[in-house]
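In our numbering, the protein residues as written are 273 to 451.
The C-beta atom is built at its ideal place from N, Cα and C for all residues, glycine as well.
If you're wondering where the values come from, they're calculated on a predicted model, not measured in any experiment.
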């Protein structure tokens, strides 16, 4: 299930195109969970330059929070993204347009990813979430100013060959949606 059961692992594949504006407000592409437990993928210019991030958190304001910087993004550009929350290695890993990003050791990806009752938000925060540097948000908002072509979510980690197949599939989506 997307968010109500504890999951051993999570893998996401996304295909999206950024909009004409990337500064001023964070923009959430995908999020699930709420103020206490959750994970998300979003764009923020909190570091001074718009970057793509993946977050996971557990335990609210007094719990733990981990953030993977997936690199800078530019306006009106298509991206493919694969993000893994791997409980075996205790890492958050990602690749952008098929290029791996340095993994982040996580305090939150331990024996399992906790369940939660918060709603799923696609292209926005739905209810509560956390963004750049663990900023807590309450209510809906932080709308994505771009196009989302595909979001896939699995409760497992894939082998290298399987990830290559997924990357090929998302590359085909990008090619077909940007022509």
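Top-ranked residue by Cα proximity to residue i, from the options
| i | options | result |
| --- | --- | --- |
| residue 326 | 441, 341, 372, 335 | 341 |
| residue 288 | 400, 394, 414, 429 | 394 |
| residue 298 | 323, 292, 398, 279 | 323 |
| residue 354 | 412, 346, 364 | 364 |
| residue 367 | 391, 292, 313 | 313 |
| residue 356 | 446, 427, 387, 418 | 427 |
| residue 379 | 347, 337, 346, 433 | 337 |
| residue 301 | 414, 436, 410, 330 | 414 |
| residue 444 | 400, 372, 350 | 350 |
| residue 358 | 431, 446, 437, 436 | 431 |
| residue 348 | 436, 391, 420, 397 | 420 |
Close-in-space but distant-in-sequence residues of the same chain around residue i (CB under 6 angstroms, 5 per side omitted)
| i | result |
| --- | --- |
| residue 273 | Per-residue confidence for residue 273 stands at a pLDDT of 47, beneath the threshold of 50, marking its modelled position as unreliable; no derived number is given. |
| residue 425 | 284 |
| residue 291 | 417, 418 |
| residue 317 | 295 |
| residue 439 | 370 |
| residue 293 | 417 |
Identity of the residues DSSP links to residue i by a beta bridge
| i | result |
| --- | --- |
| residue 347 | According to DSSP, which records beta bridges pairwise, residue 347 is partnered with nothing at all. |
| residue 287 | 352, 422 |
| residue 413 | 397 |
| residue 310 | 305, 329 |
| residue 358 | 363 |
N-terminal and C-terminal residue of the beta strand (DSSP E) that residue i is part of
| i | result |
| --- | --- |
| residue 425 | 419 to 426 |
| residue 302 | 299 to 305 |
| residue 366 | 363 to 368 |
Cβ-based neighbour list, residue i, same chain, cut-off 8 angstroms, excluding 5 preceding and 5 following
| i | result |
| --- | --- |
| residue 339 | 325, 326, 327, 376, 404, 405, 406 |
| residue 321 | 344 |
Residues near residue i by beta carbon distance below 7 angstroms, same chain, minus five either side
| i | result |
| --- | --- |
| residue 442 | 285, 287, 352, 422 |
| residue 332 | 307, 308 |
| residue 408 | 307, 333, 402 |
| residue 396 | 300, 412, 413, 414, 415, 416 |
inquiry  = Report the start-end ranges of each beta strand (DSSP E) in the stretch 312 to 342 that is 3 residues or longer and not cut off at the edges.
reply    = DSSP runs (the beta strand (DSSP E)) wholly in the stretch 312 to 342: 323 to 330.
task = Could you tell me which uninterrupted beta strand (DSSP E) segments, each at least 3 residues in length, are contained entirely in the stretch 372 to 411, listed from first to last along the chain?
result = With a minimum length of 3 residues, the unbroken runs of beta strand (DSSP E) contained wholly in the stretch 372 to 411 fall at 392 to 394, 400 to 403, 407 to 410.
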